[in-house]
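In the numbering used here, the protein residues as written are 1060 to 1280. Below: one structure, written as structure tokens.
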Ligand code: CA
């Protein structure tokens, strides 16, 4: 998922984003409420992790503004305010979940998986197309029932294609799934990854639709 991390504590933000990336999420970091609201508007975010004690706008007000714009956007609150009344306020303001600091990173990741499952993006962990199977949660790849290891970015790209088997994915769409907000993207990055992927995948598994994008065969075809 593409996570918007709203946390003004920079060391904590850095540690969290690193763990999230290791768990194969893309992370956009912002450090105040105003930037959080701007980022949510840009429509790339799948989930918001929101600290309540922010330097400009109170996190609860940020949450209320997010809810005015999007009722469905999943929001997990992280906060040092751990009184039960704070928790109730947060949940009533529209948070999907609430984690008091200090928390275990593993617990946060587990709660992200719950939201992911609820949204149906990871309803089935294993996606199989012909003789290629990918576990979209662990990113284990099997070709002809043998495990194959690939660099993470290639796996993420393959995941995007396999979850949309039979549908054309534009280069732009693939880039946005792979790259984080603000990161510089070299113009031929996707082509390079596709080139490497093809060497490891069965012949003609990834089809190029010139000028449009890429696709892989529909499941079972
Ligand atoms: Ca804070």
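Every residue gets a Cβ at the ideal spot worked out from N, C-alpha and C, and that includes glycine. Because the structure is a prediction, the values reported are computed rather than measured.
- For the 9 Å CB-CB criterion, residue 1064 and residue 1099 do not form a contact.
- Between residue 1224 and residue 1276, the gap from beta carbon to beta carbon is short of 9 Å.
- Not one heavy atom of ligand 1 is found less than 8 Å from the C-beta of residue 1094.
- As for any alpha helix (DSSP H) of minimum length 4 sitting wholly inside the stretch 1133-1211, the runs are 1143-1151 and 1164-1178, ordered along the chain.
- In this structure residue 1154 is buried. Its beta-carbon is surrounded by 16 or more other beta-carbon atoms within 10 angstroms.
- Residue 1260 sits in coil when the DSSP states are folded into three classes, being neither helix nor strand.
- For residue 1078, the uninterrupted alpha helix (DSSP H) segment begins and ends at 1069-1081.
- The straight-line gap separating the alpha-carbon atoms of residue 1268 and residue 1255 is approximately 18 Å.
- Each residue's CA atom was taken as its position, placing residue 1083 and residue 1151 some 30 Å apart.
- In the DSSP annotation of this structure, the continuous segment of the alpha helix (DSSP H) that includes residue 1235 starts and ends at 1230-1237.
- Just measuring C-alpha positions, the residue of 1137, 1206 and 1094 sitting nearest residue 1112 is 1137.
- Between residue 1234 and residue 1249, the beta carbon gap of about 6 Å places them in contact (Cβ cut-off 8 Å).
- Cβ contact annotation for residue 1140 (same chain, cutoff 7 Å, sequence separation greater than five): 1111, in chain order.
- Between residue 1134 and residue 1173, the CB-CB gap reaches or exceeds 9 Å.
- Around residue 1191, the same chain offers 1202 as residues with beta carbons nearer than 6 Å, after the five sequence neighbours per side are excluded.
- Summarising the contact set, residues whose Cβ lies nearer than 5 Å to any heavy atom of ligand 1 are, in chain order, 1067, 1110 and 1112.
- Rounded to whole angstroms, the separation of the alpha carbons of residue 1122 and residue 1092 is 9 Å.
- Remark: C-beta atoms of residue 1263 and residue 1274 do not approach each other more closely than 9 Å.
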